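As structure tokens, the structure follows; a few thoughts come after it.
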Amino acid sequence: MLRNFLENVRKNSPLIHCITNYVTVNDVANVLLACGASPIMSDDAAEVEEITSICGGLNMNIGTLNKDTIASMFLAGKKAKELGHKILLDPVGAGASRLRTETAAKLMEEIRFDVIRGNVSEIKTLAHGSGNTKGVDADMAEEITGQTLDQAVIFVKELSRRTGSVIVITGAMDLVSDSRKCYVIRNGRPEMSKITGTGCQLSALITAFITANPEHILEASAAAVGMMGLAGEIGWSRMQPGEGNASYRTRIINAIDQMDEELLRKGANYEMR
Amino acid sequence: MLRNFLENVRKNSPLIHCITNYVTVNDVANVLLACGASPIMSDDAAEVEEITSICGGLNMNIGTLNKDTIASMFLAGKKAKELGHKILLDPVGAGASRLRTETAAKLMEEIRFDVIRGNVSEIKTLAHGSGNTKGVDADMAEEITGQTLDQAVIFVKELSRRTGSVIVITGAMDLVSDSRKCYVIRNGRPEMSKITGTGCQLSALITAFITANPEHILEASAAAVGMMGLAGEIGWSRMQPGEGNASYRTRIINAIDQMDEELLRKGANYEMR
Amino acid sequence: MLRNFLENVRKNSPLIHCITNYVTVNDVANVLLACGASPIMSDDAAEVEEITSICGGLNMNIGTLNKDTIASMFLAGKKAKELGHKILLDPVGAGASRLRTETAAKLMEEIRFDVIRGNVSEIKTLAHGSGNTKGVDADMAEEITGQTLDQAVIFVKELSRRTGSVIVITGAMDLVSDSRKCYVIRNGRPEMSKITGTGCQLSALITAFITANPEHILEASAAAVGMMGLAGEIGWSRMQPGEGNASYRTRIINAIDQMDEELLRKGANYEMR
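Chains as they are written, first to last, in the numbering used here: chain A, 1 to 273; chain B, 1001 to 1273; chain C, 2001 to 2273.
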């Protein structure tokens, strides 16, 4: 699945507009540079439409949303859509507050995202909030395991069908799905959850991949997910005695910077459902 | 003093709501993960009460305060108090502007903090601003040394009595005090002051420790202070040729990640006054 | 050119007020500490005048400007000017949106900056926006090379004459110019552009250097530019197998922390035009 998607990012160097949280924003910028893309962060209503116009993709992350940046998200999202740019939503903390849940739901109503990426709990919240067919998703467990995988695949395909977006659920196993096909990806390491922002970084990477590979949204998203997981494995293998989560963070971004198609092909661990 | 406090953080994994500055926020998030807690950053008035409700502790830091986040601090603080959550105030820069001094003073008037942590100058500012007994604190020097320690211990106990908060003053020596007992902690290294945010990180750690050890506010705060200092010593011992403050920052968070009760017991350097 | 400028920063430890973007702010703070200065970040209109009053220099960066922080920039800039403080403008993204271009132009109209630092494209935008003599600058290429250097030197001297500011253009070659003399600096490495914020860091360093060496704005700026480039070379020489842009970022700040006048004198690579 992974052939050439990374190469296209490095070749085209897409400019990615990020409206993102201030917690992980520096890592998001550095990981975009590591994969060959370029970041622009901008969240003021007076300029986001103009900024997004000169970019190729838009990465929207509600991790530290506020009344001003929410307004900017709608403006930028509509403008980007109008221009045919690729757009991703990372609904950080959807379900943790009404503001987050409702903002994500409203964004999904007014803008069709190319990709939506979150953890199980965030994506389940969106599924509830964006429709009234609670049947399937209500049955999905909080962690996707071998036993709940079949259910989860049905859920994620159905959600993709309803939303028109590729859905990415990350966790111990990662699912990347449109309404027909679902990649199940088993790269990564549990220790990645001890670093703040690996999810935010992945969302930025996916945005870069789909912007540079606009004809292959599903596959390019899966490639980005596989690459992030593989970077987590490579980074971990380089850890020295006494190192902990702060060094691991650095080593993962390093691994993205040093990644190539050959490594990706060898390291990718996935199946199709 | 240190027995089991860290273990309880790792076991209970408390969720800590941080309203904090955008300078050091990433390190604050990673250090909370390193010690076994989980961070949520949120500062919009429309959601802070709801966010703090799902957390166990609240870490408030005025390092880059603004009119919007100040309003959120009052909302979150009152809600957290109402729910019996543990709350810490880090009055970054109190004394540097009226806005900071008055915001800290007003927060202290309306919310009884479990812990207040700052450097000598910040804590002295609060002492002046929050009462009219200037006698003792006016006599306290800017740096606590062997010669001024007795005075400082009297000052910090008195301030704790007046405020009802455990007071933590960090510097060359650290004091952690309630109205009756004062820990004097001699861990840490002077080079820690060449890294931005070690104070902010410590405040987050204390919040995690008191949230996971709610019956032992004083001792758990002292344990967190000792752990941060010890991490500074361990991190420093691992520095390689050519490394400077940027690597030191990473090595300190690594040391928190790798810390255990055994290391803490062996490394803690404190006395009681 | 470099003699003693760094030493003066380390000796005087100037306090630098930064109104800067939230993407690279942590690195900006750590690099200021690394060179011996002290950072204060503050951007609320209610306190910026007071905060800037206790500082020696003001570093203004429009990387993530918004309506609130723009207002603060004018307040802080005028106050700092009134007090005779050194002031630098980093017009991040000027040309990418009207908001950025117009904010930079208006700041330049109302405040005479001691130094303005940007890349070729940003500085060209300012030249167009701040006057109507398009002749020279319209001829300047996007990248300064051996072939376009003569033109670029004429352009930058002319812009310095018109604005009254020392102009710093960074890229493959760096120019540091007043209306009469132009330093052409050839330190640095192309890989520095794969790290977010090396430009922001440099602007902070220049602010520290001119604040600690107020009688030598041109030379102190050139010394800071040379030091940043040299740190990029030293950091690169220390890279280990498997390391990428995230480690490089750390190694550059380390190199600033470990820099001394001796290293600077030996490593500086510049000529005067």
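A virtual CB, placed ideally from N, CA and C, is assigned to each residue, including glycine.
Remember, it's a predicted structure, so these values are computed and weren't measured experimentally.
So that I know if they touch, is there some Cβ in chain A lying closer than 8 Å to that of residue i?
{"i": "lysine 2194 (chain C)", "result": "yes"}
{"i": "isoleucine 2019 (chain C)", "result": "no"}
{"i": "aspartate 1260 (chain B)", "result": "no"}
{"i": "arginine 2249 (chain C)", "result": "yes"}
{"i": "valine 2120 (chain C)", "result": "no"}
{"i": "arginine 2238 (chain C)", "result": "no"}
{"i": "valine 2184 (chain C)", "result": "no"}
{"i": "asparagine 1066 (chain B)", "result": "no"}
{"i": "proline 1039 (chain B)", "result": "yes"}
When you compare each of the options to residue i by their alpha carbons, which one comes out closest?
{"i": "asparagine 1026 (chain B)", "options": "A:Ile54, A:Gly197, A:Pro190, A:Ser97", "result": "A:Gly197"}
{"i": "glycine 118 (chain A)", "options": "A:Asn61, A:Ile210, A:Val48, A:Cys55", "result": "A:Asn61"}
{"i": "isoleucine 1253 (chain B)", "options": "B:Gly1129, B:Ile1234, B:Lys1079", "result": "B:Ile1234"}
{"i": "glycine 1093 (chain B)", "options": "B:Ile1016, B:Gly1267, B:Val1120", "result": "B:Val1120"}
{"i": "alanine 1037 (chain B)", "options": "B:Tyr1022, B:Arg1010, B:Thr1020, B:Lys1124", "result": "B:Arg1010"}
{"i": "asparagine 1245 (chain B)", "options": "C:Tyr2183, C:Ala2255, C:Trp2236", "result": "C:Ala2255"}
{"i": "glutamate 102 (chain A)", "options": "A:Gly77, A:Phe113, A:His128", "result": "A:His128"}
{"i": "lysine 2081 (chain C)", "options": "C:Leu2126, C:Met2192, C:Thr2211", "result": "C:Thr2211"}
For chain C, is any of its Cβ atoms less than 8 Å away from the one on residue i?
{"i": "proline 190 (chain A)", "result": "no"}
{"i": "leucine 58 (chain A)", "result": "no"}
{"i": "serine 42 (chain A)", "result": "yes"}
{"i": "asparagine 61 (chain A)", "result": "no"}
{"i": "valine 115 (chain A)", "result": "no"}
{"i": "lysine 1004 (chain B)", "result": "Going by the sequence as given, residue 1004 (chain B) is asparagine instead of lysine. It does not; no Cβ of chain C falls within 8 Å."}
{"i": "threonine 1052 (chain B)", "result": "no"}
{"i": "valine 92 (chain A)", "result": "no"}
{"i": "asparagine 245 (chain A)", "result": "no"}
{"i": "asparagine 1026 (chain B)", "result": "yes"}
{"i": "alanine 1208 (chain B)", "result": "no"}
{"i": "glycine 1242 (chain B)", "result": "yes"}
Give the straight-line distance between the Cα atoms of residue i and residue j, rounded to the nearest whole angstrom.
{"i": "glutamate 2122 (chain C)", "j": "arginine 2098 (chain C)", "result": "12 Å"}
{"i": "threonine 2250 (chain C)", "j": "alanine 46 (chain A)", "result": "34 Å"}
{"i": "glutamine 1258 (chain B)", "j": "alanine 1231 (chain B)", "result": "9 Å"}
{"i": "leucine 1075 (chain B)", "j": "valine 1048 (chain B)", "result": "7 Å"}
{"i": "arginine 265 (chain A)", "j": "isoleucine 2144 (chain C)", "result": "39 Å"}
{"i": "methionine 2272 (chain C)", "j": "leucine 2159 (chain C)", "result": "17 Å"}
{"i": "serine 179 (chain A)", "j": "histidine 85 (chain A)", "result": "21 Å"}
{"i": "asparagine 2269 (chain C)", "j": "proline 2014 (chain C)", "result": "27 Å"}
{"i": "proline 2214 (chain C)", "j": "isoleucine 2185 (chain C)", "result": "21 Å"}
{"i": "threonine 1133 (chain B)", "j": "isoleucine 1169 (chain B)", "result": "Unreliable positioning characterises threonine 1133 (chain B) in this predicted model, as indicated by a pLDDT of 41, which lies under 50. The coordinate reading is nonetheless provided below. Distance between the alpha carbons of threonine 1133 (chain B) and isoleucine 1169 (chain B) is about 19 Å."}
{"i": "alanine 204 (chain A)", "j": "alanine 224 (chain A)", "result": "9 Å"}
{"i": "leucine 2149 (chain C)", "j": "proline 241 (chain A)", "result": "49 Å"}
{"i": "glycine 274 (chain A)", "j": "methionine 228 (chain A)", "result": "The displayed coordinates of chain A run from 1 to 273. Any statement about residue 274 (chain A) would go beyond what the structure contains."}
{"i": "alanine 2172 (chain C)", "j": "aspartate 1174 (chain B)", "result": "47 Å"}
{"i": "lysine 157 (chain A)", "j": "lysine 194 (chain A)", "result": "29 Å"}
{"i": "glutamate 142 (chain A)", "j": "arginine 162 (chain A)", "result": "21 Å"}
{"i": "asparagine 1008 (chain B)", "j": "glycine 1226 (chain B)", "result": "16 Å"}
{"i": "glutamate 2191 (chain C)", "j": "cysteine 18 (chain A)", "result": "23 Å"}
Taking only beta-carbon positions, decide if residue i is within less than 8 Å of chain B.
{"i": "leucine 2272 (chain C)", "result": "For clarity, residue 2272 (chain C) is methionine in the given sequence; the question names leucine instead. No, no contact with chain B."}
{"i": "glutamate 7 (chain A)", "result": "no"}
{"i": "leucine 2264 (chain C)", "result": "no"}
{"i": "alanine 2046 (chain C)", "result": "yes"}
{"i": "valine 23 (chain A)", "result": "yes"}
{"i": "leucine 2033 (chain C)", "result": "yes"}
{"i": "leucine 99 (chain A)", "result": "yes"}
{"i": "alanine 2096 (chain C)", "result": "no"}
Does the Cβ-Cβ distance between residue i and residue j come in under 8 Å?
{"i": "alanine 222 (chain A)", "j": "glycine 57 (chain A)", "result": "no"}
{"i": "aspartate 44 (chain A)", "j": "asparagine 2012 (chain C)", "result": "no"}
{"i": "valine 176 (chain A)", "j": "leucine 218 (chain A)", "result": "yes"}
{"i": "leucine 1096 (chain B)", "j": "isoleucine 2051 (chain C)", "result": "The residue you asked about is not leucine; residue 1096 (chain B) is alanine in the sequence shown. Yes; because the gap between Cβ atoms is below 8 Å, this pair is in contact."}
{"i": "lysine 1079 (chain B)", "j": "serine 1042 (chain B)", "result": "no"}
{"i": "asparagine 2004 (chain C)", "j": "glutamate 2262 (chain C)", "result": "no"}
{"i": "cysteine 200 (chain A)", "j": "aspartate 90 (chain A)", "result": "yes"}
{"i": "leucine 2088 (chain C)", "j": "valine 2115 (chain C)", "result": "yes"}
{"i": "isoleucine 111 (chain A)", "j": "glycine 164 (chain A)", "result": "no"}
{"i": "valine 2031 (chain C)", "j": "threonine 2020 (chain C)", "result": "no"}
Only counting runs of 4 or more residues, tell me where the alpha helix (DSSP H) segments fall wholly within the stretch 1178-1242 of chain B, in order along the chain.
1198-1212, 1217-1237
Unbroken stretches of the alpha helix (DSSP H), 4 residues or longer, contained in the stretch 1047-1079 of chain B:
1048-1053
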